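As structure tokens, the structure follows; a few thoughts come after it.
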Amino acid sequence: MATGEGKTLVGSLPAYLRALEGKGVHIITVNDYLAKRDRDLIGKIHEFLGLTVGLNVPMMEPEQKKAAYEADITYGIGTEFGFDFLRDNMVQDVSQRVQRPYHYAIIDEIDSVLIDEAKTPLIIAGKMEAAANLHQICARLAKRFERDVDYTFDDETKATNLTEEGINKVERAFGVDNLYDLEHQTLYHYAIQALRAHVMFKRDVDYIVQDGKVMLVDMFTGRIMEGRTLSDGLHQAIEAKEGLEITEENKSQASVTIQNYFRMYPILSGMTGTAKTEEKEFSNTYNMEVVPIPTNKPIQRVDMLERVYATKHDKYVAMANEIKERHEKGQPILVGTTSIIQSEKIGEYLKKENLPCEILNAKTVEQEVSIISLAGQKGHITIATNMAGRGTDILLGEGVAELGGLHILGTEKHESRRIDNQLRGRAGRQGDPGSSQFFISIEDELFRRFSHEEIEKLQQKLQTDETGLILNKNIHELVERTQRICEGSNYAIREYNLKLDDIVNDQRKVIYNLRDNALMNEDVLSLILEMIPRYSHYLVDKYCPKGLEPEEWPLDRLVNELNQLIVGQKIQLPVEVNEVDEVHGAVAQAIEPYLENLEKLKDNTNLQQVLRRVLVAVIDKHWVNHLESMTRIKEGIGLRHYQQEDPLRLYQNEGLEVFHHTFSLIDHDSSVQLARIAAPLLEQLAEEEAAEQDGKGEEELDAE
């Protein structure tokens, strides 16, 4: 449905129908302001019809969240639903969970949530002490690095890697011989994060510095992401770059991508005015069909062809003249920008022309409501980042329709035509008059990243008028082609990252299933009893590998490790064994009495409670470490790209190997902890059985 056609209101119909099933309906919006607005406005319809309505936004108490999820219909922002899923899989007791099983979700502005936000995974991180001195040294190093000498940077994919020269500089700075050595992996990690902080993250574009803190800016909404920080030391690398106090690092404890979170809903649907261009991705990733709905009234807005200038300066001057001309008529103008820097830059150009304007960006978010409420009034000039994009309804003031309605002026083409169309859609809603036009230059970021070579060729035969407007006939084709290349590149990146996360997602399902069993199974002891023979089997394979002759097997070390797993007896193996199967059989036979003794403790409820806490703690500890290992493997793949190996296959194979190791560590720690906890209980049990046996013996003697 086109922008302004009442998507939010229409969404109330299927929401009501599905809510009657009593399984819960989640209505997802792009920000908490819209979630609260829709809960208050649309929620009244549902409450009038006898349903309960909840709100799920950040910073709520668990009890409030649980009540919100218990409601028939729950409004909220997509990321918060995802974070609640992760938090629910970190609880120590099932009663602490807030979510119900997933049933049905309606996503308002579905392309923003499922496509634009899908680049960034949801991560819950725990604090760990940061090595501030390492961050500061690496920040100074990165500042001196030269592109294509010390590092490579792909403008299209934003992939960043150190060259051999860059590696040498890091090695000299830290006095190490080989940065690739396992013991120096941390140094490489800090160096690459410092490089990313300098190359990939721009102040007042990707983040702002406020009150001595780095605050991230959502590139799609232009808003500050309250409480969100970058993980794995990247946030601290930016702090070091800006000369700020280094905060504690975030170590990933749980993560999920937007795609894999929303694919858990049995029924998924949504609404947007700009989905048709992403039809293929909706189908391939989410198995969803895109159905266009005709507008209620014919669209009166006039979308003019973009004007393309030779330089940014030419563009800004032409924009200021255009704004001045329309302002003198009294027509309201909304200037859409892609960053805070750009919004402030345009403000400076307008100031030179004595044109009054309001600037809405992440720095002025407190004034959002008042700025937007006036944006459609006669004579108003509003400069806004993408904050004024989705969900913003700008009402026309008296007499504005006769002046042509609201005029939208875009200052740069976005990475997707969808976001351009969202900006255009702020004007001409529900049959209102309006107009839109983009003023762009071939110096803009989009062309620098995706059409660098074509622009160089164009400049050799560039034709412009006195204002710098490019007159070459094929310029508009180049603009469209560049945007399509960008969209294709971003889709490929999302598709590739999803394939990487699918590997972790399969592992996540196994771990979360094991964790659920630990939390909900009354007989936790039996879960650990399955681990002891499994870990024993792993040890035999470890110490009796295929490449060694039987006489070379270090069976003494095998026995030592096995004896750590059990109490009350000492394992002994045959002196001569010639086959691995013989060792497996001997070990299984040796631990059988121990397992039988442990079986007798199943009715001990206190033991079961203690083991539940122990097993959950062990799983959590090794899952956190596993996520860190997977991150390091992903980084390492970047180092080995020259080996002509498939990075996805590398990640899959090495990830599987690490996952098996993680599982063996869970088996080991759980088995050792059980041995420690069960030791006094087994001793007591042995004494009771001995006493009982003695009693039986005395009874038999008396009977004789």
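Position in the sequence shown counted from 1, then plus 1313, gives you this note's numbering. Virtual Cβ for every residue (Gly too), placed ideally from N, Cα, C. If you're wondering where the values come from, they're calculated on a predicted model, not measured in any experiment.
Asked: Which listed residue (V1518, L1861, I1884, L1435) has its alpha carbon closest to that of F1575; Found: L1435
Asked: Cβ contact check for the region 1548-1567 and the region 1370-1382: 3 or more pairs under 8 Å; Found: no
Asked: Cross-strand partners of G1439 (DSSP beta bridge); Found: K1564
Asked: Environment of R1457 [buried if 16+ CB atoms lie within 10 Å]; Found: exposed
Asked: For T1387, three-class secondary structure by DSSP; Found: strand
Asked: Contact belief for A1831 with L1928 at Cβ below 8 Å, rounded distance in angstroms; Found: 4 Å
Asked: Spatial distance of L1911 from V1888 (CA atoms); Found: 28 Å
Asked: Beta bridge counterpart(s) of N1369 as assigned by DSSP; Found: G1389
Asked: Contacts around V1896, its chain only, beta-carbon distance under 6 Å, and the 5 residues preceding and following it disregarded; Found: V1853, C1857, V1890
Asked: DSSP three-state assignment for I1684, whether helix, strand or coil; Found: helix
Asked: Complete beta strand (DSSP E) runs within the region 1404-1468 (minimum length 3 residues, chain order); Found: 1417-1421, 1435-1441, 1464-1466
Asked: Limits of the alpha helix (DSSP H) - the one that S1754 falls within; Found: That residue, S1754, is in no alpha helix (DSSP H); its beta strand (DSSP E) goes 1747-1754.
Asked: Beta-carbon contacts of Y1955 that lie in its chain and below 6 Å, excluding the five residues immediately before and after; Found: Residue confidence is low: Y1955 scores 49 on pLDDT, short of 50, so the model does not pin down where it sits. Its coordinate-derived value is still stated next. Result list for Y1955: empty, nothing under 6 Å.
Asked: Residues near R1945 in its chain [Cβ-Cβ closer than 8 Å; skip 5 each side]; Found: Q1498, H1502
Asked: H1448 classed as buried or exposed, judged by whether at least 16 other C-beta atoms fall within 10 angstroms; Found: buried
Asked: Inter-residue spacing [alpha-carbon to alpha-carbon] between G1395 and I1659; Found: 37 Å
Asked: Three or more C-beta pairs below 8 Å linking the region 1777-1797 and the region 1635-1649; Found: no
Asked: Among V1937, S1754, R1509, T1698, nearest to D1517 - alpha-carbon criterion; Found: T1698
Asked: Where the beta strand (DSSP E) containing Q1523 begins and where it ends; Found: 1520-1523
Asked: Between the CA atoms of T1570 and H1939 - distance to the nearest angstrom; Found: 17 Å
Asked: Three-state secondary structure assigned by DSSP to G1949; Found: helix
Asked: Where the alpha helix (DSSP H) through V1900 begins and ends; Found: 1893-1912
Asked: Per DSSP, the bridge partner or partners of I1672; Found: I1696
Asked: Alpha carbon of E1558 to alpha carbon of Y1493, nearest angstrom; Found: 29 Å
Asked: Residue interval of the alpha helix (DSSP H) (run including T1499); Found: 1498-1512
Asked: Rounded Cβ spacing between S1977 and Y1851 (contact assumed at less than 8 Å); Found: 5 Å
Asked: Alpha-carbon to alpha-carbon, H1789 and E1725; Found: 14 Å
Asked: Beta-carbon contacts of K1610 that lie in its chain and below 7 Å, excluding the five residues immediately before and after; Found: Q1743, G1744
Asked: Where Q1655 falls, given that 16 or more other Cβ within 10 Å makes a residue buried; Found: buried
Asked: is_contact[A1380, chain C] using C-beta, thresh 7 Å; Found: Of the protein chains in the structure, only one exists, and it is not chain C.
Asked: One or two residues paired with N1474 in a DSSP bridge; Found: T1465
Asked: Simplified DSSP state of Y1955, which is helix, strand or coil; Found: Since pLDDT at Y1955 reaches only 49, below the 50 mark, its modelled position is unreliable, and the value read off the structure follows with that caveat. Of the three classes helix, strand and coil, the one that applies to Y1955 here is helix, per DSSP.
Asked: Y1622 versus T1777 - alpha carbon distance; Found: 8 Å
Asked: Of the residues L1708, V1615, Q1680, L1454, the one placed nearest G1717, counting alpha carbons only; Found: V1615
Asked: Helix, strand or coil at L1791 according to DSSP, with G and I counted as helix; Found: helix
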